[in-house]
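All remarks here apply to the structure that follows.
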Amino acid sequence: MANRRGEAKTVSVPLGPKGERIPLIPSGEKTFQHENMIAHLARVVLYHLRSEKLLPYALAGPPVLMVLFVIGYPLVSNVWLSLHHGHLASPRANEWVGLEHYLTIAQDPQLRAVALNSLTLAGGTALFSVLIGFTWAIVLNQIKHFKAGLQVLVLTPWVLSGVIAARLWLWLLDPILGLVNSWLVRFLLHPLFGFEGNLELTTRVQTAGLTVITAGAWRMSPFVFVMILAGLQSIPQELYEAAMVDGASGYQRFRHITLPFLRFILGIVTLLTFVWSFNDFSIIIVMTKGGPGYSTMVLPFRVYRFIIDGFRLGIGSALSMLMVLFLSLVAVAYVRLLRRQSEEGSLL
Amino acid sequence: MSIAIIYKVLKGLKFIFLYSVLLAGLTFVLLPVLYALSLSFRTNEDVMKVPPQLLPPRFTLVSYVSMLDFAQVFLYIRNTTFVAMGATALAVTLAALGAYTFARLRFRFANELMVLLLMSQMFPGASLIVPLFKTLKNLGLYDTHAGLILVYTGFTIPFCTWMLYGYFKTIPAELEDAALIDGCSRLHALAKVIMPLALPGIAATAVFVMLAVWNEFTFASLFIQNNDKWLITPGLTTFIGQYWSAVNCMAAAAITASIPPLVAFILVRRYFISGLVAGALKG
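Protein chains in written order, with my numbering: chain A, 18 to 365; chain B, 18 to 300.
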């Protein structure tokens, strides 16, 4: 039967054996009736869930919510605190002060020195940890024997806790009882320079930063090692074979095959180690407590001092907001690196 | 002299050079650990000998026994294991769900959320202490292991999501599509097809989280007050006094505390590296 507009649609009515109408809809079930709104709603919700429109939100929701809860809310709270007076020991604690804390920070020369310290120490730690980890990855990729054992050994620094590692390094570098100092004096400084007496490292302005960097790089290098080893193992071997057939030397193979493949992963681990050592002050608090004078004082430690020792939540929060601002710029670079990497795949 | 002999000599020299550099590097890497081992096998008087030596003058296991006089080391290790495993399970599960969503499903805020998640890795812990403290107190989770697990989960999810995102991207989408065509729902496909393939990546991520939580100090020391609930990292500070430190006992306790993560690490080592090979590249 044709179904033209305006024409009544005729449907052949199914008839049962006795001639009665067989209902098309089983009795008892309703379609969109107001009397059964709940069933209707349930059907709508289930439809949407099954059609997977809500699935992304349902799956990604819990992790995002966790992060918002643990990081997002404290961040907002920090912003609020940084705009108020915030000195818990004073009656003016909840008073609005606007950007006063930020101005104080910007005009304080000591805080500028602390910021510079942060940059140099974090940069040095990142640089050395990447150098050490990179070297280890290259070496362990070449070695044929004892691979598993060596890998576990190189990864050992990661297993120790930060404060424990810092304390061990502190003892190793002790002027009188330190193993490293005594070895350096006995085997290096005395024969070469006639050095006598005890070598002071953590308590001298010139070398305190180096000790912090050494301990920090020691701790971070396993992470770099593991990432770069993974990167090295994914370079197709055929490229090396082809290059060898074409007569490329070891150095040329390294420069033209290995390094380009590792560009992105090197960038990412450098950024990550920089950010992590920028934010982490556990080594400094154990080894130098800010250093002789203020020479190893870093920003997160300063924030810690403001908040925990001085109860000055306002200025502490303002300083950490500035840190966050700086790190956000770093994060932008990081995200751009990731984007470029995923666009180009992992190839050149 | 024939070229062959010169060549062999040079090869031998290269071998010796490589292995001595390796030895030097290993010394640097292992020095604190060897020193800690050496300290843990000494009596208290031998710790402060001048000039300092790497090998203990008298080998003894006394400190492993007397460390229990200072701190309930095994109780703390048990607590830490509980918190670490709880945080690892929760963080890896949630991150896997999130990473799967970002890697496969297309939805409106995907890009923005990814960026947000990545940037949240960058915030200094020191500035988040007070608000978290207040939140935990308000929720009644202060001084509980559950509260600590929640905090650690929140902090590690961004990094885990990033790692697992890279890993999921390397699993070909055709496998899932095949499962979907055969009638699986998305969730079913995720559970039965993707997860078994993703085990190396998940193992790698779990190891990261476990190590991070096991070695964490700041939150563990600030958010747990009850001595019986303490974790091992703040627990090790009980060996350090203002005037005198039980160095040998602390070294013994530190070595004991390092064994569980080391064992866990050795068990999953192979999966760890292969999980990173895929995950680290695509970012």
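Ideal Cβ placement from N, Cα and C applies to all residues, glycine included. Keep in mind that this is a model prediction, so the values were computed, not measured.
At the C-beta level, B:L134 and B:T178 come within 8 Å of one another. Residue state for B:S262 is assigned as strand, using DSSP reduced to three classes. Going by beta carbons, B:A108 and B:T173 fall inside the 8 Å limit. Between the alpha carbons of A:W97 and A:L283 lies a gap of roughly 37 Å.
Beyond the five residues adjoining it in sequence on each side, B:I188 comes within less than 8 Å, by CB distance, of I211, L214, A215 in the same chain, given in chain order.
Neighbours of A:Q168 in chain B, taken as residues at a C-beta separation under 7 Å, are given in chain order as R286. Using a Cβ-Cβ cut-off of 8 Å, A:S299 counts as an interface residue toward chain B, since at least one Cβ of chain B sits closer than that to its own. When B:A88, B:L167, B:T235, B:T60 are compared, the shortest CA-CA separation from B:S80 is found for B:T60. Using a 10 angstroms sphere on the CB of B:A271, the tally of other CB atoms reaches 16 or more, which defines it as buried.
When C-alpha distances from A:T290 are compared across A:A139, A:A106, A:L32, A:K35, the shortest belongs to A:A139.
Judged by DSSP in its simplified three-state form, A:H118 adopts helix.
A residue is called buried once 16 or more other Cβ atoms fall within 10 Å of its Cβ, and A:I285 is buried on that count.
When DSSP states are grouped into helix, strand and coil, A:I160 belongs to the coil group.
Scanning its chain for C-beta atoms nearer than 6 Å, with the 5 sequence neighbours on each side dropped, one finds no residue around A:F271. Put simply, the backbone Cα of B:M136 is about 24 Å away from that of B:A101. Between the segment 200–210 of chain B and the segment 302–321 of chain A, the count of Cβ pairs shorter than 8 Å is below three; the stretches do not touch. For B:M136, the chain A residues whose C-beta falls within less than 7 Å of its own C-beta are S345, A348, listed in chain order.
Listed by position along chain A, the residues whose Cβ is nearer than 9 Å to that of B:F34 form an empty set, because the closest Cβ is around 12 Å away. Per DSSP, A:W113 lies in no alpha helix (DSSP H) segment and is marked neither H nor E. B:L39 is positioned such that its CB atom lies no closer than 8 Å to that of A:V171. Taking a Cβ-Cβ cut-off of 8 Å, the neighbours of A:T173 in chain B comprise V46, L47, V50, L279, given in sequence order. Per DSSP, the beta bridge partners of B:I257 are B:S262.
Going by beta carbons, A:F151 and A:I245 fall inside the 8 Å limit. Beta bridge pairing from DSSP links A:H104 with A:R329. Relative to the Cα of B:V147, the nearest Cα in the group B:P73, B:F126, B:F236 belongs to B:F236.
Relative to the Cα of A:V303, the nearest Cα in the group A:L276, A:F328, A:V229 belongs to A:V229. The C-beta distance from A:A225 to A:S312 rounds to 6 Å, short enough to meet the 8 Å contact threshold.
Listed in chain order, the alpha helix (DSSP H) runs fully inside the segment 20–58 of chain B are 20–57, counting runs of at least 4 residues. Taking the beta carbon of B:N244 as reference, no residue of chain A falls within 7 Å; the closest one sits roughly 19 Å away. Beyond the five residues adjoining it in sequence on each side, B:P73 comes within less than 6 Å, by CB distance, of S55, F58, R59 in the same chain, given in chain order. In the three-state scheme derived from DSSP, where H, G and I count as helix and E and B as strand, A:P309 is classed as coil.
Residue-level contact by beta carbon holds for B:L149 and chain A, with a gap shorter than 8 Å. B:I290 is the residue among B:I23, B:S144, B:I290, B:K25 whose C-alpha sits nearest the C-alpha of A:N158. A:P239 and A:L249 have their C-alpha atoms roughly 15 Å apart. Within the model, the alpha-carbon separation for B:F119 versus A:G310 is close to 48 Å.
Between A:A265 and A:L279, the alpha-carbon positions lie close to 19 Å from each other.
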